[in-house]
Amino acid sequence: MKTVLVQLAAGTDPDENLAAIRRLTKGVEADLVVLPEAVMHDFGDPALPLGPVAQSLDGPFVTTLADVAREAGAVVVGGMFERSDDPDRPYNTLVAVGRDGAVLATYRKAHLYDSFGYRESDRLRAGPAVPVVFEVDGVGCGLLTCYDLRFPEQSRALVSAGADALVIPAAWVRGPLKEDHWQTLLRARAIENTVYVAAAAQTGRAYCGLSQLVDPLGVVVAALGDDEGRLAAELSPERVAAARTRNPALRHRRTWPAPT
Numbered sequence: 001m002k003t004v005l006v007q008l009a010a011g012t013d014p015d016e017n018l019a020a021i022r023r024l025t026k027g028v029e030a031d032l033v034v035l036p037e038a039v040m041h042d043f044g045d046p047a048l049p050l051g052p053v054a055q056s057l058d059g060p061f062v063t064t065l066a067d068v069a070r071e072a073g074a075v076v077v078g079g080m081f082e083r084s085d086d087p088d089r090p091y092n093t094l095v096a097v098g099r100d101g102a103v104l105a106t107y108r109k110a111h112l113y114d115s116f117g118y119r120e121s122d123r124l125r126a127g128p129a130v131p132v133v134f135e136v137d138g139v140g141c142g143l144l145t146c147y148d149l150r151f152p153e154q155s156r157a158l159v160s161a162g163a164d165a166l167v168i169p170a171a172w173v174r175g176p177l178k179e180d181h182w183q184t185l186l187r188a189r190a191i192e193n194t195v196y197v198a199a200a201a202q203t204g205r206a207y208c209g210l211s212q213l214v215d216p217l218g219v220v221v222a223a224l225g226d227d228e229g230r231l232a233a234e235l236s237p238e239r240v241a242a243a244r245t246r247n248p249a250l251r252h253r254r255t256w257p258a259p260t
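Here it is in structure tokens:
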């Protein structure tokens with residue numbers, strides 16, 4: 001399954017972001033295309049309200065993803081701010097659009113980034129803790145968003161729900177040790193679950209970039225630095241099966257009692 005990860009620096013002008021998405025996906029040949037978190041509209045300054053810029057699932061952002069999906073003949077995943085019943089706090093939502101332009105799946109970020117001195121929950125609502133998995137050519141793809149990467153139980157829930165690959169759009173903030181955390185956690189989630197990890201990140205002044213595809217044994221198959229661009233790499237279901245034969249850790253799982 002040919003997978004393309006797109007890395008860019010989104011801004012706070014949705015029209016410019018849509019133009020960048022079209023430019024960076026022009027002529028793409030893939031089965032799965034992954035765009036970063038908040039690629040519809042960046043988080044911007046912490047004082048910037050996100051409610052007024054949020055869109056519905058039939059708005060311009062999802063319409064553009066649908067156009068890209070039909071033109072490329074690929075499933076396309078990207079991150080947006082979706083309107084909620086709280087006008088001041090939308091959802092941080094991932095949308096997966098199928099080759100026919102129809103919405104395949106949506107995932108509202110469950111773990112909000114209230115960490116490292118930032119409070120995402122002041123501006124956004126958390127979604128439910130429900131695993132979201134969709135299929136591309138028989139490959140189960142589980143959705144995570146950025147900070148979710150720090151919670152191994154969510155990745156394991158996706159694998160239990162049928163994921164062979166973790167698809168992770170992100171806007172991973174730069175900072176001391178942050179790039180190291182990003183790369184270490186991507187490989188850890190791949191190794192402990194014997195799955196591919198397809199991580200597409202924002203880059204630019206605030207974010208670290210470093211988009212990459214990691215295989216089920218933790219090998220980085222392809223990666224970007226901090227420049228805008230895209231990478232293409234093969235995601236092989238046979239390699240997932242081989243990794244799970246070689247490292248049958250999922251079969252060796254035990255059920256541990258809850259602490260009392």
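Going by full-length UniProt numbering, the sequence shown opens with residue 1, and the numbers climb by one from there. The beta-carbon is built from N, C-alpha and C at its ideal position, and this holds for glycine as well.
Test item: CB-CB of residue i and residue j under 8 Å
{"i": "R123", "j": "R89", "result": "yes"}
{"i": "V195", "j": "A165", "result": "yes"}
{"i": "V34", "j": "A243", "result": "no"}
{"i": "W172", "j": "A200", "result": "no"}
{"i": "V159", "j": "L94", "result": "no"}
{"i": "V136", "j": "L32", "result": "yes"}
{"i": "Y91", "j": "R119", "result": "no"}
{"i": "G11", "j": "D42", "result": "yes"}
{"i": "L224", "j": "L213", "result": "no"}
Local conformation of residue i per DSSP, three classes
{"i": "G51", "result": "helix"}
{"i": "V77", "result": "strand"}
{"i": "K2", "result": "strand"}
{"i": "F116", "result": "coil"}
{"i": "V132", "result": "coil"}
{"i": "R125", "result": "strand"}
{"i": "E153", "result": "helix"}
{"i": "A72", "result": "helix"}
{"i": "N247", "result": "coil"}
{"i": "A9", "result": "coil"}
{"i": "E234", "result": "strand"}
Supposed contact pair residue j and residue i - C-beta distance, whole angstroms, cut 8 Å
{"i": "V97", "j": "A54", "result": "Not really, about 18 Å apart at Cβ, beyond 8 Å."}
{"i": "A110", "j": "G127", "result": "5 Å"}
{"i": "K2", "j": "E234", "result": "6 Å"}
{"i": "S155", "j": "L143", "result": "About 11 Å separates the two Cβ atoms, so there is no contact after all."}
{"i": "L57", "j": "E82", "result": "7 Å"}
Heavy atom of the ligand FAD within 7 Å of residue i beta-carbon
{"i": "L231", "result": "The ligand FAD is not among the ligands present in this structure, which contains no ligands whatsoever."}
Identified DSSP bridge partners for residue i
{"i": "Q212", "result": "A199, A223"}
{"i": "G142", "result": "V133, L166"}
{"i": "Y91", "result": "E82, R125"}
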